[in-house]
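S.K.: Just so you know, the working numbering puts 1421 at position 59 of the sequence shown, and the rest follows in order with no gaps. Even glycine gets a Cβ: it sits at the ideal position worked out from N, Cα and C.
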Amino acid sequence: MLITDLSNYLETLGEPKFRLKQIQEAIYKQFKKDFSDITNLSLPLRQNLSLKFPSITGLTHLHTLTGKQAEKVLFKTAEGNLIESVKLTYNPNKERSETHTSLCISTQSGCAMKCQFCATGAIGFKQNLSADEIVGQYLFFKQKGDNIDSIIFMGMGEPFANIPNVFESLKIFTSKDIIGLSPQRLSISTVGVIPGIEKLTAEYPQTNLTFSLHSPFDDERSTIMPINKAYPILKVFDALDKYIQTTKNRVFIAYTLLDGVNDSEKHAEELVKIIKSRAHTSYLYHVNLIRYNPCPSETQYEKSKPENIKAFQDVLEKNNISNTLRQDFGTDIDAACGQLYATYKNLTSTNTPS
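1) Would you kindly check if the distance between the Cβ of D1399 and the Cβ of T1463 is under 9 Å?
2) Would L1562 and V1613 be called neighbours here (beta carbons separated by less than 9 Å)?
3) Relative to the C-alpha of G1507, which candidate in L1403, M1518 and K1395 has its C-alpha closest?
4) Shortest alpha-carbon distance to Q1384 belongs to which of K1438, C1480, I1540 and Q1505?
5) Determine which residues share a DSSP beta bridge with G1472 and list them.
6) Can you tell me whether L1450 is buried or exposed? The criterion is at least 16 other CB atoms within 10 Å of its CB, across all chains shown.
7) Using CA atoms only, rank isn't needed, just tell me which of Q1478, V1448 and T1461 is closest to T1469.
8) So what does DSSP say about S1459, is it helix, strand or coil?
9) Helix, strand or coil: which one does DSSP assign to L1450?
10) By Cβ distance, which residues of its chain are closer than 6 Å to R1583, with the 5 residues on each side in sequence left out?
11) DSSP three-state label for T1569, please.
12) What is the DSSP secondary structure of H1642, reduced to helix, strand or coil?
13) Excluding sequence positions up to five away, which residues of its chain have a Cβ less than 7 Å from the Cβ of A1388?
14) Can you tell me where the alpha helix (DSSP H) holding T1366 begins and where it ends?
15) Give me the DSSP bridge partner(s) of A1616.
16) Going by C-alpha to C-alpha distance, which of K1414, E1460, H1642 and T1569 sits closest to D1600?
17) May I have the straight-line CA-CA distance separating H1423 from S1531, to the nearest angstrom?
18) Does the Cβ-Cβ distance between N1670 and I1615 come in under 9 Å?
19) With DSSP as the reference, please indicate the residues paired to A1432 in a beta bridge.
20) For a test of the three-state rule: what should DSSP assign to F1415, helix, strand or coil?
21) Measuring CB to CB, does D1625 end up less than 9 Å from F1579?
22) Sort out for me which residues DSSP pairs H1425 with in a bridge.
23) Per DSSP, what kind of secondary structure is K1665 in: helix, strand or coil?
24) Excluding the 5 residues flanking L1575 on each side, which residues of the same chain have their C-beta closer than 6 Å to its C-beta?
25) Which of helix, strand or coil does DSSP assign to S1537?
26) Provide the residue span of the beta strand (DSSP E) that contains I1513, from first to last.
27) Tell me whether S1531 sits in a helix, a strand or coil according to DSSP, three-state version.
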């Protein structure tokens, strides 16, 4: 980790202990792009640090695509693998009086979960990102002066398949001595990896949690999301209940609607049944309905028809299940939910690298 490596290196140089704090402040609160920009350090020290640590973020910026309300950035890791991050801008509406900017970050290059409707899963697993690479995505946007109101671990990869580095990044994000964000500004989305849910509940209980469900039936969910074989639906809900009981926070249920697959009233009724079976915690489950976003890597699924979406939502409404039909963001630049596949074969576009 950069902080540890810096500490060790400064010690070998015989630098005083306060020097690390100066550098942390410059990197994580002033968002300096390079050690040469930290002018309260001596020139020889800046030169030594630049040679020893050529990249503060641990990532190489390759490409930027800008859409109507989304900006997608392609990075390369030191190992040569690619990842994508997306900045989403939510404009004022009936529920929000001010513009809100959220950053969707990746925790892996590729993904091993093999969810059938997700572009990232189609490219397979490449590598786990280090804590520095996870945090480095945030630093990149801050270094160029962007306002970031919240961070969602919902980019490429399954966060709880990379537990050590994800939790180290949570420490960096929330530590008052480093970045100092409130845990409530952070959200993690998981396909239901129970050990990760349990660890989050124990160590970062105020971090928001989303469970990607996408079907209320175990057999069907195992087909479209193989992880269900290891962590069946009701066992995941048991872990979610413990999170709710500990935190008193809502849990968000992500549900991507696939035409003719999981968008029937029967599916909606089963989802209602599962949530209501949670007894004392049922009122703290909120369903986020997501229109399917076509993936360049596969064509077997299609968007649900508007009338099916309405019928599905009507069942939830009738049963007093809190829900939202999510806005479409980033579809114009393949940056929406399930579309991140890091353009390995084609880096050309009308946008130029920034």
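M.R.: If we stick to the structure as given:
1) Cβ atoms of T1463 and D1399: not closer than 9 Å.
2) Not in contact: L1562 and V1613 (Cβ atoms no closer than 9 Å).
3) If we check each option's Cα against that of G1507, K1395 comes out closest.
4) Nearest of K1438, C1480, I1540 and Q1505 to Q1384, Cα basis: I1540.
5) BP columns for G1472 point to F1487.
6) Sixteen is the threshold: when 16 or more other Cβ atoms of the shown chains lie within 10 Å of the Cβ of L1450, as they do, the residue is buried.
7) Residue V1448 is the option with its Cα nearest to T1469.
8) DSSP places S1459 in the coil class of the three-state scheme, outside both helix and strand.
9) Of the three classes helix, strand and coil, the one that applies to L1450 here is strand, per DSSP.
10) The residues are S1577 and N1590.
11) Three-state result, T1569: coil.
12) The answer is helix: DSSP assigns H1642 an H, G or I state.
13) Only K1394 and I1400 meet the Cβ criterion.
14) That run of the alpha helix (DSSP H) goes L1364 to T1374.
15) For A1616, DSSP records a beta bridge to S1574 and N1650.
16) Here the closest residue by C-alpha is H1642.
17) In a straight line, the C-alpha of H1423 is about 20 Å away from that of S1531.
18) Cβ distance not < 9 Å, so N1670 and I1615 don't count as in contact.
19) Answer is L1450.
20) Coil.
21) No, the pair does not count as a contact, with Cβ atoms beyond the cut-off.
22) Looking at the DSSP output, H1425 shares a beta bridge with L1436.
23) Strand at K1665.
24) Excluding sequence neighbours, L1575 sits near I1615 and Y1617.
25) Residue state, collapsed to three classes: coil.
26) It spans S1512 to F1515 - the beta strand (DSSP E) in which I1513 sits, taken as one unbroken run.
27) DSSP places S1531 in helix when its eight states are reduced to three.
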